[in-house]
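A.B. asks:
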Amino acid sequence: MTHHWVWRLVVTTLNLLLILAPLPIQASTLLTQALFQPLLLGASDYTEGWENFFYFDDGSLLVTHFMVSNMGPGYHRGIMVSTLSTADGHTYVIKNGRKRKQWSGVSGPHRFGVAKHYIGEAENEYRIHLENSTAEIDINFSAVGVPWQGKRVTLPGDNGNLYQDLMFYAPYLTATGRYRPGSKSGGEEDEAWRPLTGGQGFALRYVTGTGIHNLATHRLRLTTLGTASQRLTADLIKTPDGQWHPRMAIWAEGQLQHQFDAVKLEPFWPNEHLSQAKDIPRGFHISATDGDTRLSGTLYLSQLLHRFDVLANMTLLDRLFLGAFSAPVQSRYRADYQLRLSHNGHSRTLDGQALVEYVQINPR
Numbered sequence: 091m092t093h094h095w096v097w098r099l100v101v102t103t104l105n106l107l108l109i110l111a112p113l114p115i116q117a118s119t120l121l122t123q124a125l126f127q128p129l130l131l132g133a134s135d136y137t138e139g140w141e142n143f144f145y146f147d148d149g150s151l152l153v154t155h156f157m158v159s160n161m162g163p164g165y166h167r168g169i170m171v172s173t174l175s176t177a178d179g180h181t182y183v184i185k186n187g188r189k190r191k192q193w194s195g196v197s198g199p200h201r202f203g204v205a206k207h208y209i210g211e212a213e214n215e216y217r218i219h220l221e222n223s224t225a226e227i228d229i230n231f232s233a234v235g236v237p238w239q240g241k242r243v244t245l246p247g248d249n250g251n252l253y254q255d256l257m258f259y260a261p262y263l264t265a266t267g268r269y270r271p272g273s274k275s276g277g278e279e280d281e282a283w284r285p286l287t288g289g290q291g292f293a294l295r296y297v298t299g300t301g302i303h304n305l306a307t308h309r310l311r312l313t314t315l316g317t318a319s320q321r322l323t324a325d326l327i328k329t330p331d332g333q334w335h336p337r338m339a340i341w342a343e344g345q346l347q348h349q350f351d352a353v354k355l356e357p358f359w360p361n362e363h364l365s366q367a368k369d370i371p372r373g374f375h376i377s378a379t380d381g382d383t384r385l386s387g388t389l390y391l392s393q394l395l396h397r398f399d400v401l402a403n404m405t406l407l408d409r410l411f412l413g414a415f416s417a418p419v420q421s422r423y424r425a426d427y428q429l430r431l432s433h434n435g436h437s438r439t440l441d442g443q444a445l446v447e448y449v450q451i452n453p454r
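With the working numbering as the guide, the letters of the sequence shown map in order to residues 91 to 454.
1. Quick one: using the 10 Å Cβ neighbour count with 16 as the cut-off for buried, is residue 214 buried or exposed?
2. Considering only DSSP beta bridges, list what residue 386 is partnered with.
3. Exposed or buried, what is residue 425 when buried is set at 16 or more other beta-carbons lying within 10 Å of its beta-carbon?
4. Is residue 238 near residue 339, with beta carbons less than 8 Å apart?
5. Taking a contact to mean a Cβ-Cβ separation below 8 Å, would you say residue 318 touches residue 442 in this structure?
6. Looking at the unbroken beta strand (DSSP E) that takes in residue 191, where does it start and where does it end?
7. In chain order, what residues of the same chain have a beta carbon less than 8 Å from the beta carbon of residue 164, not counting five sequence neighbours either side?
8. Any idea if residue 311 is buried or exposed, counting beta-carbon neighbours within 10 angstroms, 16 or more meaning buried?
9. Quick check: the Cα distance between residue 260 and residue 142, rounded to an integer number of angstroms?
10. With a floor of 4 residues, list each alpha helix (DSSP H) that falls wholly inside the segment 243 to 280, ordered by position along the chain.
11. Since residue 389 contacts residue 376 with CB under 8 Å, what's their CB separation in whole angstroms?
12. Which class does residue 122 belong to by DSSP, given the choice of helix, strand or coil?
13. If I measure Cβ to Cβ from residue 128 and keep anything under 8 Å in the same chain, skipping five residues before and after, which residues do I get?
14. Based on Cα-Cα distance, which residue from 420, 387, 453 lies nearest to residue 432?
15. Output yes or no for whether 8 Å exceeds the beta carbon distance between residue 286 and residue 146.
16. Which same chain residues end up closer than 7 Å to residue 329 when comparing Cβ atoms and leaving out the 5 residues on each side of it in sequence?
17. Let me check one thing: in DSSP terms, what residues is residue 165 bridge-paired to?
18. I'd like the span of the beta strand (DSSP E) that includes residue 140, first residue to last.
19. Over what stretch of residues does the beta strand (DSSP E) that includes residue 232 continue unbroken?
20. Is residue 382 near the ligand PLP, in the sense that its beta carbon is under 7 Å from a heavy atom of that ligand?
21. Since residue 127 sits in a beta bridge, which residues does DSSP pair it with?
22. Can you give me the C-alpha to C-alpha distance between residue 326 and residue 135, rounded to a whole angstrom?
23. Taking only the alpha-carbon atoms, compute the straight-line gap between residue 175 and residue 210 and give it to the nearest angstrom.
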């Protein structure tokens, strides 16, 4: 059973994504940590988690989010919220939460679990299992590309720096899986499994705290789809001063080739004169630099795959609890990009398709 406090914690966690007090030194170097071993920091607004994005060849999209948070009652509560949008038009929202003593016994350095849900690694492969009355899902995936931690995003705050650390543990991934509806979704006890094949996407780990509305107004994440030898990976945050903070890289044959130290995004809309702050852009003009190497071009948000509005999934009591808190709207797209990489008078094109998540922190 999902209790009201679960959704309260989920919403709070999704909106409270940076820590006011400095993190311990080890928290800033996620590459050296056991991947699925939570840091279990003591700050009252600490949150960390693992987000995983899977786009399958039939158009189905699965986004999973496992997290640990000190927000709400008690410390170090485990939370899982996932959405599966299938090719036949169904959307399954799967969510649960547990106290630390209820999840710590099924978790460890190579596995993190909440209720019957878990994410883990074994022999260079990862596995996700989700199961409750909404649906049951099994996913196996493999990372392509070495793990990469982007630059820390930081801003000065009243009580110290606001910041976030983030690592792509799978800058690109391939996946297969299966799912079946649960009893709450009309499934039978012996409901047949339905395949999920040809999966692509990315997976990341973060350590954050405090309200993301204090740090950011928008967020853009993406990874290249298909068989391109050169791939683009990004997690970009736009701070209230209008600046985009760079966590963007190009990969060649699974190895990091360029890590951009400055990025500028300019959104454009179908009708520039009628657009409002809450509107979704048609795409972005991109300009980025890595030393004397420059990347420029356009990203088009071509096909909306799924939009997850946190408030739209809340009960009336949950909405009253939120009060003045912001609530993100997460829009996932299949996108097209046309880019040019230039260095010392030479240039080459980098055209392709990408899986994109565009987040409006508080569009209402």
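Idealized CB from N, CA, C, for every residue including glycine.
C.D. replies: Reading off the structure:
1. exposed
2. 377, 430
3. buried
4. yes
5. yes
6. Here residue 191 belongs to no beta strand (DSSP E); instead the alpha helix (DSSP H) covers 190 to 193.
7. 189, 190
8. buried
9. 9 Å
10. none
11. 6 Å
12. helix
13. 138, 158, 166, 197, 202
14. 387
15. yes
16. 245, 305, 306, 335
17. Residue 165 is not bridged to any residue.
18. 136 to 145
19. 225 to 234
20. By its list of ligands, the structure shown contains no ligand whatsoever, and the ligand PLP lies outside what it can speak to.
21. Partner(s): none; residue 127 has no beta bridge.
22. 22 Å
23. 23 Å
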